[in-house]
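Sequence lines, in order, name chains A and B.
Counted from 1, the first sequence has number 71 at position 69 by the working numbering; the numbering is strictly sequential.
Counted from 1, the second sequence has number 218 at position 216 by the working numbering; the numbering is strictly sequential.
Input: a single structure, listed below in structure tokens.
2 protein chains.
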Amino acid sequence: MTDEGADKLTQGMSKDGGPAVVLVKPQMGENIGAAARAMFNFSLTELLLVAPRDGWPNAKAIAMAAGAAKVAEAAQVFDSTKSALSGFQYVIACTARDRDMAKPAFTPERAAQELRARHEAGQKVALVFGAEASGLENEDISLMDAILTIPANPEFSSLNLGQAVLLCGYEWMKAADQTAPESRGRGEATPASREALVQLFEHLEEALIHSNFLMLEEKRPAMVQNIRAMLMRAELTEQEVRTWRGMIKSLQRATPRKG
Amino acid sequence: MTDEGADKLTQGMSKDGGPAVVLVKPQMGENIGAAARAMFNFSLTELLLVAPRDGWPNAKAIAMAAGAAKVAEAAQVFDSTKSALSGFQYVIACTARDRDMAKPAFTPERAAQELRARHEAGQKVALVFGAEASGLENEDISLMDAILTIPANPEFSSLNLGQAVLLCGYEWMKAADQTAPESRGRGEATPASREALVQLFEHLEEALIHSNFLMLEEKRPAMVQNIRAMLMRAELTEQEVRTWRGMIKSLQRATPRKG
């Protein structure tokens, strides 16, 4: 099956191969390489890096990636999580901690099924992993649709980056062929891109700062998290984001009430 | 849960914790250590080594095992696969190749369910892994009840020993309890009553009429439906409804912008 194999390989490197893997502030190049290898073990090929500590390209990453070096070599690099995710429509973060972030919390299996259904419906989806030691910051998490946590021994739950990517990739491959996508009851509507959502968030937050709702600066981060989580849960379409922005603009322009 | 945690740990080190992991002719100590760590990530603690190439104990194995060093330190060493397996009642081999050995061939998930069922019925069960490069010999395989193969990218299916143990351990843990409820990530928060939602809807709609967003009366019913649908999808809690109402009130009171 050499010809077929070659075709598959080319196909495998296309961006239609499944969820992108986004590594936020990865530290050691070896870990980036191990993640690339784990991705390619399960036919994932689109790697995005947010602010890799040791810069990019990184020879240690390529060496560690070995047979998956082309996945690492094709990695795209971004300054911020926000910019890396701007083109995605559905994003799940892998996090060890229970965040209580008012977001759906999935097992890896359930997350893979959700990603698979959305991928097959044409959505651009991603899996996001935090830095080796510190994980993802809450501000990053506020941009995610859901989180997944890998079940493990509570006495020894530490998995390294490559292992976490491996388990998520494995579940992605397992989720093949369980295709019946759940209907969201919104027909062919296009889910909002992350960029449109971020613009909505920032518009609303700016309006709420201006109106003094987010007056107390020390409380602001938590309130912003909660507001974002509520809007994320609504899984807005592009059109709905425009509606929200119109509503906010309209409310801002209204004559102030007396009293 | 310190006491419970301590109990769990002791329990975790007992031999009743799940399948034993048998490594046949493992080569590098680091790989034995990585296997021990992967085992303990999923609460497996009984490690058997058949003819480790570099002898035993092995300082590199202990170092690599890190937090799972006690699993590696407690490893039992045997001369042959046959003697290692003599006390077991049901044994599954992990192998990459299709052996055509007239044995049941399982996915890792199915294998874990089989091991779990037999373990719970009181049988002594084991998972067997071959040497890094060569895998298991057919004579070893002849001692196994079944084989399992980890699904992977046919173009890049190579998993190392630690990764193979990790995926099998993960499936073992998953097979424990199919009941873990999916969390919506909002703990004990009270879902909003219909009454609170309707009050929110009416408050927002009144504000939007006042601000002229819902100016065109003939379009109003459809727009109101859409706005309500978006908010319904967010599955708001009572507290979140109060937050929304506060935001709306605040935006209404803001000084109107020029232009």
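Just so it is clear, CB atoms sit at the ideal spot from N, CA and C, and this is done for glycine as well.
What span of residues does the beta strand (DSSP E) with residue i cover, start to end?
i: A/A150; result: With the sequence shown as reference, residue 150 of chain A is identified as Leu, and Ala is not the correct amino acid for it. 148 to 150 is the span of the beta strand (DSSP E), which, as asked, contains A/L150.
i: A/Q165; result: No beta strand (DSSP E) holds A/Q165; the alpha helix (DSSP H) holding it covers 163 to 176.
i: A/Q115; result: Run containing A/Q115: none in the beta strand (DSSP E); it sits in the alpha helix (DSSP H), 110 to 122.
i: B/L129; result: 127 to 131
i: B/L253; result: Where B/L253 is concerned, there is no enclosing beta strand (DSSP E), although the alpha helix (DSSP H) it sits in stretches over 240 to 255.
i: A/A22; result: 22 to 26
i: A/A95; result: 92 to 96
i: B/F80; result: 78 to 80
Below 8 Å CB to CB, which residues in the same chain sit around residue i once its five sequence neighbours on both sides are set aside?
i: A/A182; result: Low confidence applies here, because A/A182 scores a pLDDT of 45, under 50, leaving its location unreliable and the question unanswered by this model.
i: B/V226; result: F203, E207, L216
i: A/R186; result: Its pLDDT being 45, under 50, A/R186 is placed unreliably by the model, and nothing is read from it.
i: B/T97; result: G132, G137, L138, I143, I149, L150, T151
i: A/E6; result: Residue placement at A/E6 is poorly supported in this model, since its pLDDT is 39, which falls under 50; the coordinates still yield a value, given next. Closer than 8 Å at the Cβ level, and outside the excluded window around A/E6, lies no residue.
i: B/P223; result: none
i: B/M41; result: V23, T47, L49, A70, V73, V167, G171
Which same chain residues end up closer than 7 Å to residue i when comparing Cβ atoms and leaving out the 5 residues on each side of it in sequence?
i: A/T239; result: R188, A191, T192, P193, A194
i: A/E184; result: Annotation note: pLDDT 44 at A/E184 (below 50); position unreliable, no value reported.
i: B/D81; result: A53
i: B/G250; result: This sequence places Ile at residue 250 of chain B; Gly is not what is there. Contacts found: H205, L206, A209.
i: B/S159; result: A98
i: A/D247; result: Note that residue 247 of chain A is Arg in the sequence shown here, rather than Asp. Around A/R247: L202, H205.
i: B/T83; result: V26, V52, D142, L145
i: A/H121; result: G20, P21, V127
i: B/M175; result: F44, S45
i: B/L161; result: I152, A154
Quick check on the DSSP output: the alpha helix (DSSP H) that includes residue i runs from which residue to which?
i: B/F42; result: 31 to 43
i: A/A53; result: Per DSSP, A/A53 belongs to no alpha helix (DSSP H) and is neither H nor E.
i: B/G231; result: The question names Gly, but residue 231 of chain B in the sequence shown is Ala. Counting along the chain, the alpha helix (DSSP H) containing B/A231 begins and ends at 222 to 235.
i: A/F215; result: It is not in any alpha helix (DSSP H) - A/F215 carries neither H nor E in the DSSP assignment.
i: A/A65; result: 61 to 67
i: A/K84; result: 83 to 86
i: A/K72; result: 71 to 75
i: B/E141; result: 140 to 143
Could you work out which residue in the options is closest to residue i when comparing CA atoms only?
i: A/V23; options: A/E111, A/E141, A/L46; result: A/L46
i: A/P59; options: A/E48, A/A77, A/A70; result: A/A77
i: B/V73; options: B/E48, B/L161, B/N140, B/R55; result: B/E48
i: B/E242; options: A/L161, A/N140, A/R235, A/A128; result: A/R235
i: B/A71; options: B/I34, B/N162, B/G19, B/L117; result: B/I34
i: A/L253; options: A/E122, A/L218, A/H212; result: A/H212
i: A/R244; options: A/N214, A/E220, A/V200, A/N228; result: A/V200
i: B/V130; options: B/L163, B/G57, B/I94; result: B/I94
i: B/L163; options: B/P156, B/A135, B/N140, B/E157; result: B/A135
Could you name the residues of the same chain whose beta carbon sits closer than 6 Å to that of residue i, not counting the 5 residues immediately before and after it, in chain order?
i: B/Q125; result: Q91, Y92
i: B/F108; result: A148, L150
i: A/K62; result: G31, E32
i: A/E197; result: S88
i: B/S16; result: Any reading at B/S16 is ruled out, since the residue's pLDDT is 43, under 50, leaving its predicted position unreliable.
i: A/L117; result: P21, V127
i: B/R55; result: Q29
i: B/I64; result: A71, A74
i: B/V79; result: L51, W58
My assumption, with CB atoms under 8 Å, is that residue i sits in contact with residue j. Please give the rounded CB distance.
i: B/L87; j: B/L138; result: At roughly 12 Å, the Cβ-Cβ gap does not stay under 8 Å, so B/L87 and B/L138 are not in contact.
i: B/Q165; j: A/L168; result: 6 Å
i: B/P28; j: B/L51; result: 6 Å
i: A/A154; j: B/N43; result: 5 Å
i: B/A67; j: B/R112; result: Between B/R112 and B/A67 the Cβ distance is about 29 Å, and since that is not below 8 Å, they are no contact.
i: B/P110; j: B/E173; result: 4 Å
i: B/A177; j: B/A114; result: 4 Å
i: A/A231; j: A/A104; result: 4 Å
Going along chain C, which residues have a C-beta under 7 Å from residue i?
i: B/M249; result: Considering every chain present, this structure includes no chain C. Its protein chains are A and B.
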